[in-house]
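Q: In order, the protein sequence lines correspond to chains D and Z. For the first sequence, position 67 (counting from the first letter as 1) is numbered 748 according to the numbering used here, and the numbering increases by one without interruption. For the second sequence, position 42 (counting from the first letter as 1) is numbered 723 according to the numbering used here, and the numbering increases by one without interruption. Backbone N, C-alpha and C define an ideal beta-carbon position, used for all residues, glycine too. Would you mind keeping the following structure in view while I ask a few things?
Protein chains: 2
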Amino acid sequence: MAKHDPDLSLLFHALADPTRRAILSRLAKGAAPVSELAAPTGLRLPTVMRHLAVLEEAGLIATAKDGRVRSCAIVPEALTPMRTWLDEQRAIWEARLDRLDDYVMNLMKERANDP
Amino acid sequence: MAKHDPDLSLLFHALADPTRRAILSRLAKGAAPVSELAAPTGLRLPTVMRHLAVLEEAGLIATAKDGRVRSCAIVPEALTPMRTWLDEQRAIWEARLDRLDDYVMNLMKERANDP
DNA sequence: ATCATGCTTAGCCATGTGACTAACTATACA
DNA sequence: TGTATAGTTAGTCACATGGCTAAGCATGAT
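Here it is in structure tokens:
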């Protein structure tokens, strides 16, 4: 359970932007060149390029240039660390579905210490 | 498949910070007051408070004040939207585990168009 | 009533982020 | 060769983020 996990931070940060998630959804249907990804966003090319750079640094997409066209594709394995983290958390969190009771009981105990 | 999903953005953004993930991990073991959460971070209280505010706005934690102590607890259901998104993506992405082939074939087809 | 504790608010600062325009490069097409 | 196309780079700008200090407020202990 790494305290500083740059992978996870990059991943979550990349996914925190709706534009980037939209690009991913588009790419889920198949590889596409930059312009085609930019079109539905209504954003300028340089802006989209930065989003793509973020996605690529997070390992979520891979790109390659063929002639003057850069083709982008998703990297499915990239979601694995996130899934792992989520499963870890779920394991602990769900083991505590008594959380609310636990929480309330804590408060009550504190109050009880003060008759 | 909402194009603009503020919930997801808030969630992912909240989780993109290692300090906040550490706080969540700590809280997974049970509710705790602000100071106790701040201690292991090495950060000042106001800074930690802001992190807690981000977590709370994302719906990841709930807090309540008892006397002068504010107790914080996780909200397990908060991860559901993220799990849903992840499962959706996995469904599509994994259906395309031929992605690399697909990608390469695309390139080859483009080249083929140019004999 | 006084003081310590625990949080809160206000405000500052450096850096990061997301958007843009404008100018440039490199490939394809005529 | 010249021109359109597809990306790329550089530079600007407003605002968000993450950290801090200093001062304030409410509650519990003496």
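Kindly list, in the order they appear in chain Z, the residues whose Cβ is closer than 9 Å to that of residue 732 of chain D.
A: Per Cβ cutoff of 9 Å: no residues; residue 732 of chain D is ~14 Å from chain Z at best.
Q: Could you tell me whether any Cβ in chain D is nearer than 9 Å to the Cβ of residue 749 of chain Z?
A: no
Q: Can you tell me the Cα-Cα spacing of residue 716 of chain Z and residue 750 of chain D, whole angstroms?
A: Taking the straight line from one Cα to the other gives about 54 Å.
Q: State the Cα-Cα distance for the pair residue 762 of chain Z and residue 774 of chain D, rounded to the nearest angstrom.
A: 15 Å
Q: With a threshold of 9 Å between beta-carbons, can residue 738 of chain Z be considered close to chain D, or not?
A: no
Q: Pull up the distance between the alpha-carbon of residue 702 of chain Z and that of residue 714 of chain Z, whole angstroms please.
A: 16 Å
Q: Since residue 691 of chain Z contacts residue 754 of chain Z with CB under 8 Å, what's their CB separation in whole angstroms?
A: Actually they are not in contact, since the Cβ atoms of residue 691 of chain Z and residue 754 of chain Z sit about 18 Å apart, beyond 8 Å.
Q: With residue 702 of chain D as the anchor, note down where its beta strand (DSSP E) starts and where it stops.
A: No beta strand (DSSP E) holds residue 702 of chain D; the alpha helix (DSSP H) holding it covers 699-709.
Q: Rounded to the nearest angstrom, what separates residue 710 of chain Z and residue 758 of chain D at their Cα positions?
A: 30 Å
Q: Counting only beta-carbon atoms, is residue 706 of chain D nearer than 9 Å to chain Z?
A: yes
Q: Return helix, strand or coil for residue 686 of chain Z, following the three-state DSSP convention.
A: coil
Q: Can you list, in chain order, the residues of the stretch 690-703 of chain Z whose Cβ is nearer than 9 Å to any Cβ on chain D?
A: 690, 691, 692, 693, 694, 695, 696, 697, 698, 699, 702, 703
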